[in-house]
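Presented below is the structure to which this report refers.
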Amino acid sequence: MTSISGDAVNKTAIILAKRVSSKIVVLRNQKVILGVDLAELYGVSVKRLNEQIKRNARRFPLDFLFRLTRAEDKNLRSQNATSSSAHGGRRYLPYAFTEHGAIMAATVLNSKRAIEMSIFVVRAFVQMRQALVVNQDIVSKLAELEARIENHDADIQDLVEAIRELMAPPPANHRRIGFEAPPSTKTKARALKARQA
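Numbering (this note's numbering), first residue to last: 4 to 200.
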């Protein structure tokens, strides 16, 4: 009998978590997973998932599950290039499951695979939540930096102009450089003669 190494289990878990994360979309300002994707992850048909939802409707309040509008469905189809109902696609608008709805779906399906996969679904939602928190921190810091820069634009402009002035060459000085010796007596006499003449 062969045993599965811990590394193989971890790699499988990472692959499954990424697969689940890729199925989560944001609709109505909520992170959700569509029924078709949830059924695939849980290893059941969409029909079976929908049957269980109908049988257990009281377990799925609006904050657990909602149906997409036609506009939302059309938008998602255009983004994901899925089949249209005119070409044999689904006849009903799909369900969208929130994190709690996805967990509840696993409990009503009560299959081993659904229960195992629900753990990865929860982890994927948690990772997305953490990523959003980090992104919000970055966005707020960028906004703060932009505000500081906007406030200091005039100061920075004055500084740049002062640096340019310092970098500009000084005006030309036509005065001779060096030390002038005092005129000698011969030079003084010549200067006097030149004046008298």
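All C-beta atoms, glycine included, are put in the ideal place defined by N, C-alpha and C.
Discussion item. So, under 8 Å CB-CB, V39 and V49 are touching, yes? Tell me the CB distance rounded to an integer number of Å.
Written reply: 5 Å
Worksheet entry | Contact set for R58: own chain, Cβ-Cβ below 8 Å, skip 5 residues either direction | V111
Item to complete: Going by CA-CA distance only, name the one from I27, A74, Q160, K196 that's closest to A99.
Response: I27
Worksheet item: How do the stretch 118-132 and the stretch 65-82 stand: do at least 3 beta-carbon pairs fall below 8 Å, yes or no?
Response: no
Worksheet item: What runs of the alpha helix (DSSP H), each 4 residues or longer, lie entirely inside the stretch 46-71?
Response: 49-58
Fill in: Inter-residue spacing [alpha-carbon to alpha-carbon] between V163 and L135
38 Å
Discussion item. On a Cα-Cα basis, can you pick out the residue from L148, L96, Q130 that is closest to R73?
Written reply: L96
Discussion item. Looking at the secondary structure, which residues open and close the alpha helix (DSSP H) in which A105 lies?
Written reply: 102-112
Worksheet item: So L37 is in the beta strand (DSSP E); what residue range does that whole segment cover?
Response: 33-37
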